[in-house]
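Note sheet for the following structure.
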Amino acid sequence: MDALTLARLQFGIVTVYHFFFVPLTLGLSVLLAIMETKYVTSGDESYKAMVKFWGKLFLINFAMGVATGIVQEFQFGMNWSQYSRFMGDIFGAPLAIEALLAFYMESTFLGVWIFGWDKISPRLHATVMWLVAIGSNLSALWILAANSFMQQPVGYALRNGRAEMTDFFAILTNGHLWVQWPHVFASAVTTAGFFVAGISAWHLLKGSPRADIFRRSFRWGTVYGLIGTAAVILVGHAQAQYMFKIQPMKMAAAEALWQTENPAGMSLFTIGNEKERRDVFAIRIPGALSFLAYNRFSGEVKGINNLQEEYVQKYGPGEYVPPVAISYWTFRIMVGAGFLMLLLGLLSLRASMKGTFEESPRLMRWMFWALFLPYIANSTGWIFTEMARQPWIVFGLQKVADGVSNTVGAGSVAFSLITFTLLYAILIVFDVKLLTKYAKAGITEAAEPAATGEMA
Amino acid sequence: MDLNTLWFILIGVLFTGFFFLEGFDYGVGMLLPFLGHDDRERRVIINTIGPVWDGNEVWMLTAGGALFAAFPHFYATLFSGAYLALTLMLLALIVRGVSFEFRSKDLSSRWRNGWDWAIFFGSLVPALLWGVAMSNLLHGLPVNAAMDYTGDFFDLLNPFSLAGGLAAVAVFSLHGATFLALKTAGEIRERSLAAAKKIWPVAVLMLIVYVILAATTTDFFTRMGYDPGVVPLAAVVALILVRYFLGNGKEGWAFVMTALSIVFSVITLFVGLFPRLLVSSLNPEWSLTIYNASSSQYTLKVMTIVALILVPFVLVYQAWAYWIFRKRLTVDSELEY
Numbered sequence: 001m002d003a004l005t006l007a008r009l010q011f012g013i014v015t016v017y018h019f020f021f022v023p024l025t026l027g028l029s030v031l032l033a034i035m036e037t038k039y040v041t042s043g044d045e046s047y048k049a050m051v052k053f054w055g056k057l058f059l060i061n062f063a064m065g066v067a068t069g070i071v072q073e074f075q076f077g078m079n080w081s082q083y084s085r086f087m088g089d090i091f092g093a094p095l096a097i098e099a100l101l102a103f104y105m106e107s108t109f110l111g112v113w114i115f116g117w118d119k120i121s122p123r124l125h126a127t128v129m130w131l132v133a134i135g136s137n138l139s140a141l142w143i144l145a146a147n148s149f150m151q152q153p154v155g156y157a158l159r160n161g162r163a164e165m166t167d168f169f170a171i172l173t174n175g176h177l178w179v180q181w182p183h184v185f186a187s188a189v190t191t192a193g194f195f196v197a198g199i200s201a202w203h204l205l206k207g208s209p210r211a212d213i214f215r216r217s218f219r220w221g222t223v224y225g226l227i228g229t230a231a232v233i234l235v236g237h238a239q240a241q242y243m244f245k246i247q248p249m250k251m252a253a254a255e256a257l258w259q260t261e262n263p264a265g266m267s268l269f270t271i272g273n274e275k276e277r278r279d280v281f282a283i284r285i286p287g288a289l290s291f292l293a294y295n296r297f298s299g300e301v302k303g304i305n306n307l308q309e310e311y312v313q314k315y316g317p318g319e320y321v322p323p324v325a326i327s328y329w330t331f332r333i334m335v336g337a338g339f340l341m342l343l344l345g346l347l348s349l350r351a352s353m354k355g356t357f358e359e360s361p362r363l364m365r366w367m368f369w370a371l372f373l374p375y376i377a378n379s380t381g382w383i384f385t386e387m388a389r390q391p392w393i394v395f396g397l398q399k400v401a402d403g404v405s406n407t408v409g410a411g412s413v414a415f416s417l418i419t420f421t422l423l424y425a426i427l428i429v430f431d432v433k434l435l436t437k438y439a440k441a442g443i444t445e446a447a448e449p450a451a452t453g454e455m456a
Numbered sequence: 001m002d003l004n005t006l007w008f009i010l011i012g013v014l015f016t017g018f019f020f021l022e023g024f025d026y027g028v029g030m031l032l033p034f035l036g037h038d039d040r041e042r043r044v045i046i047n048t049i050g051p052v053w054d055g056n057e058v059w060m061l062t063a064g065g066a067l068f069a070a071f072p073h074f075y076a077t078l079f080s081g082a083y084l085a086l087t088l089m090l091l092a093l094i095v096r097g098v099s100f101e102f103r104s105k106d107l108s109s110r111w112r113n114g115w116d117w118a119i120f121f122g123s124l125v126p127a128l129l130w131g132v133a134m135s136n137l138l139h140g141l142p143v144n145a146a147m148d149y150t151g152d153f154f155d156l157l158n159p160f161s162l163a164g165g166l167a168a169v170a171v172f173s174l175h176g177a178t179f180l181a182l183k184t185a186g187e188i189r190e191r192s193l194a195a196a197k198k199i200w201p202v203a204v205l206m207l208i209v210y211v212i213l214a215a216t217t218t219d220f221f222t223r224m225g226y227d228p229g230v231v232p233l234a235a236v237v238a239l240i241l242v243r244y245f246l247g248n249g250k251e252g253w254a255f256v257m258t259a260l261s262i263v264f265s266v267i268t269l270f271v272g273l274f275p276r277l278l279v280s281s282l283n284p285e286w287s288l289t290i291y292n293a294s295s296s297q298y299t300l301k302v303m304t305i306v307a308l309i310l311v312p313f314v315l316v317y318q319a320w321a322y323w324i325f326r327k328r329l330t331v332d333s334e335l336e337y
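What follows is the structure, given as structure tokens:
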């Protein structure tokens with residue numbers, strides 16, 4: 001494999017891996033802040049036990065997110081030096097602001113939160129958790145501002161062979177950012193909701209002590225997760241319509257639509273021949289894709305082959321078609337997981353409101369396994385949005401092959417790829433082991449055994 | 001003063017803050033297996049930095065982000081050039097980053113001992129490599145006219161940069177020892193003071209070697225003259241005073257002196273560099289400077305406004321966090337990690 005392929009593989013692995021941990025941090029920090037606020041306003045100790053239990057799992061997850069996040073900042077210079085030179089103005093600025101505004105906030109206040117239970121007043125302690133939550137979610141906003149530019153460049157001028165910033169506010173008000181960030185935030189809420197609901201369901205199924213807290217956690221998690229899922233679907237729809245406008249090729253690949261159609265049919269199931277760019281077998285719903293794109297059953301949706309011709313005229317000779325099968329399937333897995341969550345969430349909410357949830361071991365088991373669905377959707381969503389932008393690293397401005405470091409050989413990248421992957425494989429074993437252990441341990445009457453580690 | 005100079009200063013400030021704060025975190029990490037004789041003692045040592053290490057590490061992330069934003073060519077050349085060294089540093093930082101949290105989550109002594117050594121190496125490797133990296137900026141690296149690094153891993157290792165790496169390890173260990181003496185009471189404090197006294201001559205020796213190599217292998221003294229001014233002198237005086245205060249058992253002042261010695265050393269390095277960011281060993285003309293490596297003036301202006309608004313807040317709440325955890329810890333304290 002050449003250095004470019006290895007660098008891309010490494011970016012994919014370390015970034016998807018990092019994003020295993022990020023959504024739970026974003027979503028659960030807010031939920032913990034709500035729980036602790038409830039504790040402070042009600043004075044009910046059971047809310048404190050609830051915060052402590054979920055807080056422990058939060059911290060194990062947070063540590064992994066922080067540790068793997070360092071690579072994220074360094075790897076642009078290491079593996080994508082030409083991209084960094086080209087994009088320094090625009091990518092570097094939000095990254096620096098992310099650190100200055102968000103990383104300081106979340107890390108400093110999280111330290112106070114972990115160690116400050118007896119050192120500051122409960123009210124201040126809850127406020128500190130809100131600051132952690134705000135800090136974490138602000139960091140997502142800034143890094144997505146940078147990513148949004150890669151999807152839809154705005155507020156720049158090409159000068160001195162670089163994309164120079166000309167309008168900071170255009171970068172902040174980039175239309176793409178304001179569909180992408182709500183999408184990511186809503187999926188983070190979903191991730192945390194299903195995480196909390198899933199583990200609570202497991203405890204209710206096993207008849208663990210403090211069923212009162214797990215019953216409440218289950219209801220909170222389900223409602224929170226459902227709000228997230230509903231928002232993710234609505235925002236996702238808006239985002240898809242936006243993408244039909246700014247990156248039609250991405251959506252054509254998502255739908256395996258080879259030729260422009262009007263009205264356009266939506267693929268329910270396609271087996272395609274990617275080389276010859278045609279369907280081998282397909283079931284399509286007539287007009288449905290036009291509806292997805294424009295909320296009406298007619299309207300032209302551009303196909304892959306037509307866009308390829310258009311892009312050759314616009315950007316010069318070259319291959320502008322992303323990997324269609326990967327785009328098509330990751331998109332479908334993401335959307336499918338989302339609707340499955342919606343269904344399970346609604347079933348659980350109904351059962352929970354009728355008081356029959358704990359009579360249905362099957363639903364309880366389903367809800368436990370459902371905690372993995374957001375992880376599947378989060379990962380496939382990112383793989384889709386980044387892969388289906390190929391061959392561009394910055395849409396319309398720079399190709400991936402032109403962004404890679406020109407001075408780093410394949411041997412060096414192979415070394416880092418192998419060592420990062422090995423270390424990450426080892427760490428995920430520890431992470432899952434610890435999460436499982438502390439999730440299973442549940443809530444005992446003794447105040448806080450886990451914090452001092454007396455639980456092994 | 002133009003914006004390029006202002007950002008050179010700001011990045012100097014960020015690196016100074018980073019080495020001052022993470023310096024003692026690295027030092028505490030390196031001393032952990034030696035100063036903590038049983039699990040309880042090691043927990044005390046970890047808990048002295050427990051609430052603050054992550055916030056301290058953000059100084060490094062901010063410095064990195066600021067380099068990317070203000071001097072993207074420098075960020076690109078250095079980070080791709082020092083590829084393997086940075087890979088090693090990242091591996092170490094990842095392991096260290098999870099170890100504080102993971103260590104406390106199981107009682108088995110094998111588990112805890114393993115993570116203690118993870119903390120040790122996770123602190124030693126970055127301390128060493130940062131020393132090597134910063135020294136190389138001044139020493140010079142093979143960078144061509146297109147700003148591309150043309151060397152390999154071994155070009156990063158020269159007598160001056162290796163001395164810089166070892167000096168960083170020694171000074172950070174000393175800094176960590178005075179910090180531990182300040183933040184603990186009883187036996188761990190005594191042990192930390194004793195360790196500081198043992199490390200001190202090593203740190204002084206490394207600094208002398210470093211200065212001699214600076215004179216013989218870099219252009220520091222030819223550019224600055226043999227009387228480079230009050231700042232480098234202050235770094236030396238502070239380091240000497242460390243021993244004086246250690247002898248008096250005044251660990252608070254000793255800590256202030258190790259801190260000042262680090263702060264003045266980093267400032268000296270940046271003064272020696274200015275207006276260059278990375279010296280080219282192939283041709284001085286090809287050095288990366290604050291002008292040829294910078295972002296557009298517009299970006300620098302935006303970032304200046306952002307920094308002026310945000311930095312004061314950061315300083316205030318980080319100081320607040322230190323104030324909350326100002327008390328000394330002992331084996332009888334309530335410990336989180």
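Protein sequence lines, in the order shown, are assigned to chains A and B. Residue numbers for the first sequence follow the working numbering, so the first one is 1 and each next one is one higher. Residue numbers for the second sequence follow the working numbering, so the first one is 1 and each next one is one higher. The beta carbon of each residue, even a glycine, is placed where N, CA and C say it ideally should be. Computed from a predicted model, the values in this text were never measured in an experiment.
Among the residues of the region 99-115 of chain B, those with a Cβ less than 9 Å away from any Cβ of chain A are S99, F100, E101, F102, R103, S104, K105, D106, L107, S108, W111 and R112, in the order of the chain.
Beyond the five residues adjoining it in sequence on each side, F220(B) comes within less than 7 Å, by CB distance, of L138, A214 and G272 in the same chain, given in chain order.
Going by C-alpha positions, E334(B) is about 19 Å away from V28(B).
In the structure shown, the three-state DSSP call for V404(A) is coil. Interface residue (Cβ-Cβ distance to chain B less than 8 Å): A3(A) is not classified as such.
Across the structure, Q313(A) and A293(A) are spaced so that their CA atoms are roughly 25 Å apart. Taking L57(A) as reference, the option from G207(A), Y438(A) and T444(A) with the minimal CA-CA separation is Y438(A).
Contact with chain A is found for E334(B), since one of that chain's Cβ atoms lies less than 8 Å from the residue's Cβ.
Under the Cβ distance rule, M150(A) does not count among the residues neighbouring chain B, no pair being separated by less than 8 Å. Beyond the five residues adjoining it in sequence on each side, L110(A) comes within less than 6 Å, by CB distance, of V132 in the same chain, given in chain order. When DSSP states are grouped into helix, strand and coil, V143(B) belongs to the strand group. In summary, K206(A) is exposed, with fewer than 16 beta-carbon neighbours lying within 10 Å of its beta-carbon over all protein chains present. As computed with DSSP, Q398(A) is found in a beta bridge with V394(A). By a beta-carbon distance limit of 8 Å, Y337(B) does not contact R110(B). Their separation comes to about 18 Å. When the Cα atoms are used, V263(B) and F270(B) turn out to be separated by approximately 11 Å.
Counting along the chain, no alpha helix (DSSP H) covers F281(A); the unbroken beta strand (DSSP E) around it starts and ends at R278 to I285.
Taking one beta carbon from each stretch, the region 176-185 of chain A and the region 4-13 of chain A have fewer than 3 pairs nearer than 8 Å; the two do not touch.
G65(A) sits close to T25(A), with the two beta carbons spaced by under 8 Å. Less than 8 Å divides the Cβ of N79(A) from the Cβ of S405(A).
Closest in C-alpha terms to R112(B), from the list Y298(B), L32(B), P142(B) and V311(B), comes L32(B). Taking every protein chain shown into account, the CB of Y104(A) has 16 or more other CB atoms within 10 angstroms, so this residue is buried.
For R223(B), the uninterrupted alpha helix (DSSP H) segment begins and ends at F220 to M224. Annotation: the continuous beta strand (DSSP E) that includes G272(A) extends over M266 to N273. Contact between F8(B) and F245(B) fails: their C-beta atoms lie close to 33 Å from each other, not under 8 Å. By the Cβ test, the region 63-71 of chain B is not in contact with the region 83-91 of chain B, since fewer than three Cβ pairs between them sit closer than 8 Å.
For the options K250(B), A238(B), A321(B) and L300(B), the alpha carbon positioned closest to that of A259(B) is the one of A238(B). A Cβ-Cβ contact shorter than 8 Å links G36(B) with I45(B). Distance from the CA atom of L435(A) to the CA atom of F372(A), rounded to whole angstroms, is 14 Å. When the five nearest sequence neighbours on each side are left out, the beta carbons in the same chain lying within less than 7 Å of the beta carbon of E41(B) are those of I188 and V331, in order along the chain. Sixteen is the threshold: since fewer than 16 other Cβ atoms of the shown chains lie within 10 Å of the Cβ of S298(A), the residue is exposed. Burial state of K302(A) is buried, judged by a 10 Å Cβ sphere holding 16 or more other Cβ atoms. When Cβ-Cβ separations below 8 Å define contact, Y17(A) makes no contact with chain B. The Cβ of V132(A) sits no closer than 8 Å to any Cβ of chain B.
Separation of V223(A) and F214(A) (C-alpha to C-alpha, rounded to the nearest whole angstrom) is 14 Å.
Of the other Cβ atoms in all chains shown, 16 or more fall within 10 Å of the Cβ of M303(B); this residue is therefore buried.
With fewer than 16 other CB atoms across the displayed protein chains lying within 10 angstroms of its CB, N273(A) is exposed.
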